[in-house]
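First residue of the sequence shown? That's 231 in our numbering, and the numbers climb one at a time after it.
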Amino acid sequence: MRINNNLMAMNAHRQLGINAANQSKSTEKLSSGFRINRAGDDAAGLAISEKMRGQIRGLNQASRNAQDGISLIQTAEGALDTSQKILQRMRELSVQAANDTNVDADREAIQNEITELTKEVDRIANTAEFNTQKLLKGTGELDLKGLGVDFDNGKLTGGTDMTTTEATVSNPLDAHDIAATDSITATIHGQTVTVNFAVDTTQAETSKIGDVTGNNATITVNAADIDAQDLEAVIA
């Protein structure tokens with residue numbers, strides 16, 4: 231019996247198989263964009279990269295959480311801005327009512343507008359919401375945090391109830407007092423307060439919301455995005 235063999239051909243065939251396997255791995259890396267796709271590529275590296283991928287997904291979700299928080303805060307800011315404009319108009323009307331050139335019919339017309347404006351402030355306070363969550367009812371707390379990102383000042387606590395019950399411009403003597411103090415005499419749940427206080431409160435709340443929207447939330451989003459990009463560069 232005679233066995234024919236060709237060592238050169240066999241070696242060429244073996245090298246061809248090795249090249250085909252290497253080409254397959256290279257194609258897989260090009261397709262996935264990752265250097266490590268299975269434990270056989272780098273067992274230790276795979277364990278590290280999987281941990282980093284988990285961190286990346288957490289950071290990406292943290293960024294989305296912060297973006298949702300920004301949307302909520304912007305909704306509340308818009309409602310507060312509208313309420314502030316209404317309160318400024320009510321203060322303007324109170325000063326107008328203090329003018330003794332007005333007769334009773336004039337003051338009645340002013341009172342009617344103030345009454346309607348008060349109802350509108352109540353409507354805004356009762357209907358301003360984000361994802362069914364009331365924003366201006368003075369209750370509730372939203373904690374905007376994400377995995378790996380500490381949003382220290384990202385809590386929006388409902389401490390100011392924007393709803394009212396009644397706002398009245400009474401007799402001319404009180405109207406003079408209103409003009410002197412640059413405020414509106416309002417009766418809210420049986421207690422006398424001033425619209426000027428409400429305007430200041432609204433401005434303060436708007437300022438705090440603007441700070442969260444413009445600074446903390448944006449910084450959180452940027453930090454999460456940067457961290458995620460850095461980790462993606464490491465495992466790529």
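We put the beta carbon where it would ideally sit given N, CA and C, even for glycine.
C-alpha distance - residue i paired with residue j, whole-angstrom precision
{"i": "G270", "j": "A242", "result": "25 angstroms"}
{"i": "F264", "j": "D311", "result": "49 angstroms"}
{"i": "Q295", "j": "N252", "result": "For the sequence presented, residue 295 should be read as Asn rather than Gln. For N295 and N252, the distance between alpha carbons rounds to 42 angstroms."}
{"i": "I456", "j": "A250", "result": "39 angstroms"}
{"i": "A335", "j": "T345", "result": "15 angstroms"}
{"i": "M238", "j": "S262", "result": "36 angstroms"}
{"i": "K385", "j": "N332", "result": "Because the pLDDT at K385 is just 46, under 50, the model does not fix this residue reliably, and the point stays unresolved."}
{"i": "G247", "j": "M240", "result": "11 angstroms"}
{"i": "N236", "j": "Q245", "result": "14 angstroms"}
{"i": "T274", "j": "I286", "result": "The question names Thr, but residue 274 in the sequence shown is Ala. For A274 and I286, the distance between alpha carbons rounds to 19 angstroms."}
{"i": "K281", "j": "Q459", "result": "15 angstroms"}
{"i": "S254", "j": "D272", "result": "16 angstroms"}
{"i": "R353", "j": "E258", "result": "60 angstroms"}
Residue i and residue j closer than 9 angstroms at C-beta
{"i": "Q318", "j": "I340", "result": "no"}
{"i": "L347", "j": "A355", "result": "no"}
{"i": "I300", "j": "S279", "result": "no"}
{"i": "L323", "j": "E343", "result": "yes"}
{"i": "R268", "j": "L260", "result": "no"}
Neighbourhood of residue i by C-beta, 7 angstroms cutoff - its chain only, sequence neighbours within 5 removed
{"i": "A410", "result": "Residue placement at A410 cannot be trusted, given a pLDDT of 36 that sits under 50; the coordinates are not used to answer."}
Selection from the options that minimises the alpha carbon distance to residue i
{"i": "S313", "options": "E338, A296, K349", "result": "K349"}
{"i": "A358", "options": "E343, S262, A309", "result": "A309"}
Residues of its chain near residue i, where Cβ-Cβ distance is below 8 angstroms and the 5 sequence neighbours each way are ignored
{"i": "N361", "result": "L302"}
{"i": "S468", "result": "This structure cannot speak to residue 468, because the chain is shown only from 231 to 466."}
Spatial neighbours of residue i in its chain, beta-carbon cut-off 6 angstroms, leaving aside the 5 residues before and after
{"i": "T305", "result": "F360"}
Open item on the list: For a minimum of 4 consecutive residues, which ranges assigned as the alpha helix (DSSP H) are wholly contained in the region 259-332?
Closed with: 273-327
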